[in-house]
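Numbering-wise (the working numbering), the sequence shown opens with residue -9 and increments by one.
Note that the Cβ used here is the ideal one computed from N, Cα and C, for glycine as well.
All values reported here derive from a predicted model rather than from experimental measurement.
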Amino acid sequence: MIYSIDVTIKVPVQPTEVTDRVVAVVTNLFPDATMEERPTPADTADGQPAGEIVATTHSLEHLSELFHEQTILDTARAAMLDGLEPETNTFEFRLKKQAAFEGVVNFAVGNPDELGDVRVTVAVEEPDPETYIRYLAPPTEDGVPVDDDQ
-9 MIYSIDVTIK VPVQPTEVTD RVVAVVTNLF PDATMEERPT PADTADGQPA GEIVATTHSL
51 EHLSELFHEQ TILDTARAAM LDGLEPETNT FEFRLKKQAA FEGVVNFAVG NPDELGDVRV
111 TVAVEEPDPE TYIRYLAPPT EDGVPVDDDQ
């Protein structure tokens, strides 16, 4: 099946952070993403502009591979389904920035970390969000992905 998705990734850049390290956060989880740095118009108290990295991609294959490698398929599926907006065919989830810098997927829940979280929004054109989520993170039995068609 061919999937048609548009993914937007937003990561805040704090005045105390090195922008290249925040770019690495995105690259580690979304290697095919195209990035743009967007500084905020106002300077912060210490004179350093803060901003955000905004990235786009049309593939979450690498992220799905990480779900499988880290054996977090059920957790990943639940996190993505929690952010499902069926009326707009989108889903959203947040990831911990520090874990992402190390190439590790760690879903953020509750209040954002002090440095901010990685916010991922996925718009699914084909087929539908639920089917795409099941593709990225299939259901498991005893930690092993199961085929629903059996």
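Where do the ends of the alpha helix (DSSP H) carrying residue i lie?
i: residue 85; result: Segment 80 to 86 is the beta strand (DSSP E) holding residue 85; no alpha helix (DSSP H) there.
i: residue 18; result: 9 to 19
i: residue 57; result: 51 to 59
i: residue 123; result: 119 to 126
Going by the beta-carbon positions, is the gap between residue i and residue j smaller than 9 Å?
i: residue 24; j: residue 42; result: no
i: residue 91; j: residue 15; result: yes
i: residue 95; j: residue -5; result: no
i: residue 27; j: residue 3; result: yes
i: residue 61; j: residue 133; result: yes
Of all the options the options, which has the alpha carbon lying nearest to the alpha carbon of residue i?
i: residue 66; options: 8, 76, 77 and 85; result: 85
i: residue 93; options: 136, 52 and 46; result: 52
i: residue 116; options: 48, 17 and 6; result: 48
i: residue 83; options: -2, 28, 4 and 111; result: 111
i: residue 56; options: 136, 132, 114 and 127; result: 127
i: residue 6; options: 46, 19 and 40; result: 40
Buried or exposed: where does residue i fall if 16 or more other Cβ atoms within 10 Å of its Cβ makes it buried?
i: residue -9; result: exposed
i: residue 122; result: buried
i: residue 107; result: buried
i: residue 9; result: exposed
i: residue 135; result: exposed
i: residue 99; result: exposed
i: residue 119; result: buried
Mind checking which residues open and close the beta strand (DSSP E) that includes residue i?
i: residue -6; result: -6 to 3
i: residue 141; result: Not covered by the structure: residue 141. The range shown for the chain is -9 to 140.
Checking the sheet assignment: what are the DSSP bridge partners for residue i?
i: residue 111; result: -2 and 82
i: residue 74; result: 81
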